[in-house]
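A quick write-up on the structure given underneath.
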Amino acid sequence: ETGVTQTPRHLVMGMTNKKSLKCEQHLGHNAMYWYKQSAKKPLELMFVYSLEERVENNSVPSRFSPECPNSSHLFLHLHTLQPEDSALYLCASSQDPTGGSDEQYFGPGTRLTVT
Amino acid sequence: GENVEQHPSTLSVQEGDSAVIKCTYSDSASNYFPWYKQELGKRPQLIIDIRSNVGEKKDQRIAVTLNKTAKHFSLHITETQPEDSAVYFCAASISSGYSTLTFGKGTMLLVSP
Numbered sequence: 001e002t003g004v005t006q007t008p009r010h011l012v013m014g015m016t017n018k019k020s021l022k023c024e025q026h027l028g029h030n031a032m033y034w035y036k037q038s039a040k041k042p043l044e045l046m047f048v049y050s051l052e053e054r055v056e057n058n059s060v061p062s063r064f065s066p067e068c069p070n071s072s073h074l075f076l077h078l079h080t081l082q083p084e085d086s087a088l089y090l091c092a093s094s095q096d097p098t099g100g101s102d103e104q105y106f107g108p109g110t111r112l113t114v115t
Numbered sequence: 116g117e118n119v120e121q122h123p124s125t126l127s128v129q130e131g132d133s134a135v136i137k138c139t140y141s142d143s144a145s146n147y148f149p150w151y152k153q154e155l156g157k158r159p160q161l162i163i164d165i166r167s168n169v170g171e172k173k174d175q176r177i178a179v180t181l182n183k184t185a186k187h188f189s190l191h192i193t194e195t196q197p198e199d200s201a202v203y204f205c206a207a208s209i210s211s212g213y214s215t216l217t218f219g220k221g222t223m224l225l226v227s228p
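Chains E and V, in that order, are what the protein sequence lines are. Read in order, the letters of the first sequence correspond to residues 1 to 115 in our numbering. Read in order, the letters of the second sequence correspond to residues 116 to 228 in our numbering.
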């Protein structure tokens, strides 16, 4: 499956570290999303980029900083995280529904552990 | 904002039985309702979706129904098979160039042979 890729797949970091998660989509979509998936909680939308502009920020702490340099790439920069930030971080992309489907295609996720 | 409730949280059925998962939403402006399946250790994948201008949609063994008045929608799986075992998520959104999905908490479906 190569539609939406994420790196790294696993990441362990200390609370003082700085790291970045990368997402790349090869589907020609123009909207990209970051989700957090924790155990026993719903998928939580963190950020939405449409046409490379951030359009949604669901009250996410500033220790998470997204970046969308172009329509194919999305980053999530992490710094001074807390243990409760440990989760699976999923990236997704979709096409503008006016020209296609609402379907969001997910990447495989990055399993993040904060120690 | 939108709130999506999903029930049950776990569902065990015998192979060949039917399974029904129900969701309610709060925002009457929501007009797009997808269902995603997530197998263990894998990414969520869309299995079926419905828009607010239809009441039912079917795709082989899977069907979704929508009641806009009551603000609830359901997933029906008939003739379940062990490979249907997974976590199923419902979601709701207002479709407008991009879709900000609000997900339910998920239902773990276990189909026993």
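Backbone N, C-alpha and C define an ideal beta-carbon position, used for all residues, glycine too.
Item	Value
Close Cβ partners of F75(E) (< 8 Å) along its chain, the five nearest in sequence each way excluded	S20, L21, K22, C23, P66, E67, C68 and P69
Residues of its chain near V114(E), where Cβ-Cβ distance is below 7 Å and the 5 sequence neighbours each way are ignored	M13, M15, L81, Q82, P83, D85 and S86
Contact set for S72(E): own chain, Cβ-Cβ below 8 Å, skip 5 residues either direction	E24, Q25 and H26
Where P66(E) falls: helix, strand or coil (DSSP)	strand
Beta bridge counterpart(s) of H26(E) as assigned by DSSP	Answer by DSSP bridge pairing: none, since H26(E) is not bridged.
Cβ-based neighbour list, L161(V), same chain, cut-off 7 Å, excluding 5 preceding and 5 following	P149 and Y151
Chain-ordered neighbours of K220(V) on chain E, where CB pairs are closer than 8 Å	K40, K41 and P42
Assigned secondary structure, P83(E) (DSSP; H/G/I helix, E/B strand, else coil)	helix
Other residues of its chain near S133(V): CB distance less than 6 Å, five sequence neighbours each side excluded	T193
Proximal residues of chain V, C-beta to C-beta of G109(E) below 7 Å	R158
Paired residues, beta bridge with R166(V) - DSSP	Y147(V)
Among A31(E), Y35(E), N17(E) and L43(E), nearest to K220(V) - alpha-carbon criterion	L43(E)
Opposing strand residues paired with V226(V) [DSSP bridges]	V128(V)
Boundaries (first-last residue) of the beta strand (DSSP E) holding V60(E)	No beta strand (DSSP E) holds V60(E); DSSP gives it neither H nor E.
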